[in-house]
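Here's the structure, in structure tokens; my notes come after.
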Amino acid sequence: MKARLGIAPIAWWNDDLAELSDDVSLEECLRQASEAGFTGMETGRRFPMDMKELGPILDRYGISVCGGWFSGLLLDGDIEAEKERIAQQMDFFIAAKAPCIVYGETARSIQGVRSAPLATKPKLSEDEMAAYGRKISDFADWCAGQGMPLSYHHHMAAAVETEAELDLLMKHSTVPLLFDAGHMAFAGGDVMRVIENHHARITHVHTKDIRRNVVEGLDRAKESFLDAVIKGAFTVPGDGDLDFEAIVKALAAKSYEGWFVVEAEQDPVANPPLDMARKGHRELLRVMDAAGYEVVK
Numbered sequence: 149m150k151a152r153l154g155i156a157p158i159a160w161w162n163d164d165l166a167e168l169s170d171d172v173s174l175e176e177c178l179r180q181a182s183e184a185g186f187t188g189m190e191t192g193r194r195f196p197m198d199m200k201e202l203g204p205i206l207d208r209y210g211i212s213v214c215g216g217w218f219s220g221l222l223l224d225g226d227i228e229a230e231k232e233r234i235a236q237q238m239d240f241f242i243a244a245k246a247p248c249i250v251y252g253e254t255a256r257s258i259q260g261v262r263s264a265p266l267a268t269k270p271k272l273s274e275d276e277m278a279a280y281g282r283k284i285s286d287f288a289d290w291c292a293g294q295g296m297p298l299s300y301h302h303h304m305a306a307a308v309e310t311e312a313e314l315d316l317l318m319k320h321s322t323v324p325l326l327f328d329a330g331h332m333a334f335a336g337g338d339v340m341r342v343i344e345n346h347h348a349r350i351t352h353v354h355t356k357d358i359r360r361n362v363v364e365g366l367d368r369a370k371e372s373f374l375d376a377v378i379k380g381a382f383t384v385p386g387d388g389d390l391d392f393e394a395i396v397k398a399l400a401a402k403s404y405e406g407w408f409v410v411e412a413e414q415d416p417v418a419n420p421p422l423d424m425a426r427k428g429h430r431e432l433l434r435v436m437d438a439a440g441y442e443v444v445k
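Residues are numbered in our numbering as their position in the sequence shown, beginning at 1, plus a constant of 148.
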């Protein structure tokens with residue numbers, strides 16, 4: 149089985165927390181990612197959305213676009229409006245030959261609100277989740293028909309955060325799934341059970357680790373998702389508390405092939421991005437070998 153290793157630029161530039169951003173250029177970010185051994189990078193705010201401009205830059209560093217976030221509003225919005233909102237990114241991703249667009253539901257989400265405690269996240273009834281599931285399925289089908297599939301990102305502080313919420317979404321939709329071990333562990337879910345239950349839907353993987361002492365020390369009635377990020381809740385594989393050898397072996401056992409993307413937002417001063425990227429890549433190479441994957445460029 150084949151695996152490809154990518155990284156997200158959020159280790160260098162945090163879109164929600166300017167103070168957690170390293171003041172480096174796009175080219176320096178790509179250079180460091182390449183030096184660490186990665187061959188893919190998800191898009192970020194400093195990426196030009198034009199392959200005529202971006203393509204030669206990526207080529208210099210042997211990097212390809214391995215995904216990127218779309219802030220969806222479908223929970224409260226209209227499919228036609230979302231088609232218009234995603235059109236430019238879709239055209240760009242098709243030109244970049246990206247594997248997918250990462251769909252994150254931001255309607256009602258408190259993930260970017262520093263003053264909103266984790267406990268105040270939006271919650272949906274099963275009827276509401278069923279209605280949402282129909283909408284996101286129809287939207288995902290349309291995107292795939294245009295030539296660019298979605299992969300749905302369950303996320304802390306959003307409407308689909310917990311294992312139970314993800315189970316409901318999977319029950320009431322056909323949308324492909326982005327599996328993020330860090331977000332699921334932070335939400336209190338069983339990461340191995342999620343793989344067992346939903347492996348057939350997993351089309352993209354984020355290898356985000358957590359520092360369990362930070363996560364368990366949060367006062368969720370008072371502290372927000374962004375507070376957790378600032379405190380260091382997330383890190384790269386090999387630096388936190390999740391067993392990525394077991395996680396990757398479980399994915400291999402279910403025949404997952406594709407991208408494994410390090411996406412670990414943290415303070416770049418306390419956790420220099422190049423050092424973290426090297427550590428994450430080293431750990432991923434170790435667990436890929438243990439799981440029987442061939443890492444390809």
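By construction, the Cβ of each residue, glycine as well, lies at the ideal position given by its N, Cα and C atoms. Only a predicted model underlies this, so the values are computations on that prediction, with no experimental measurement involved.
Taking Glu253 as the reference, which of Ala181, Ala305 and Pro157 has the closest Cα? Ala305
Tell me the DSSP bridge mates of Met189? Ile155 and Val213
Open item on the list: Taking the alpha-carbon of Val172 as reference, which of Leu317, Ala244, Pro420 and Asp437 has the nearest alpha-carbon?
Closed with: Pro420
- Among Ala438, Lys445 and Gln414, which has the Cα closest to the Cα of Asp170? Gln414
Report the rounded CA-to-CA distance for Ala243 versus Ser403, giving the unit in angstroms.
28 Å
How about Gly293 and Cys248: do their beta carbons lie closer than 7 Å?
no
Q.
Which same chain residues end up closer than 6 Å to His301 when comparing Cβ atoms and leaving out the 5 residues on each side of it in sequence?
A. Val250, Gly252 and Leu326
**Message:** Check this for me: beta carbons of Leu153 and Phe195, under 7 Å apart or not?
**Reply:** no
- Quick one, are the C-beta atoms of Ala156 and Glu411 less than 7 Å apart? yes
Starting from Glu253, trace the alpha helix (DSSP H) both ways and give me its first and last residue.
Run containing Glu253: none in the alpha helix (DSSP H); it sits in the beta strand (DSSP E), Ile249 to Glu253.
Would you check if there are 3 or more beta carbon pairs closer than 8 Å linking the segment 423-442 to the segment 389-398?
yes
Is there contact here, the segment 378-386 with the segment 264-274, by at least three beta-carbon pairs under 8 Å?
no
According to the neighbour-count rule (16 or more other Cβ atoms, all chains shown, within 10 Å of its Cβ), is Ala159 buried or exposed? buried
### Reference Gly192; option with closest CA among Asp207, Leu206, Trp217 and Glu274
Trp217
So what's Phe287 in DSSP terms, helix, strand or just coil? helix
Quiz item: Is Asp357 helix, strand or coil by DSSP?
Solution: strand
Reference Cys291; option with closest CA among Leu314, Lys231 and Ile350:
Lys231
task: Assign Tyr280 to one of three DSSP states: helix, strand, or coil.
output: helix
Per DSSP, Trp407 is paired with what? Arg152
Span separating the alpha-carbon of Phe392 from that of Asp164
27 Å
Checklist line | Between the CA atoms of Asp207 and Glu176 - distance to the nearest angstrom | finding: 14 Å
Taking only runs that begin and end inside the segment 362-399, name each unbroken alpha helix (DSSP H) of 4 or more residues, in chain order.
-> 373-379
- Nearest to Ser211 (by Cα), restricted to the options Glu309, Met238, Gln237 and Met199: Checking the sequence, you will find Ile at residue 211 rather than Ser. Ranking the options by Cα distance to Ile211, first place goes to Met199.
Taking the straight line between their C-alpha atoms, what separation do you get for Leu317 and Glu228?
21 Å
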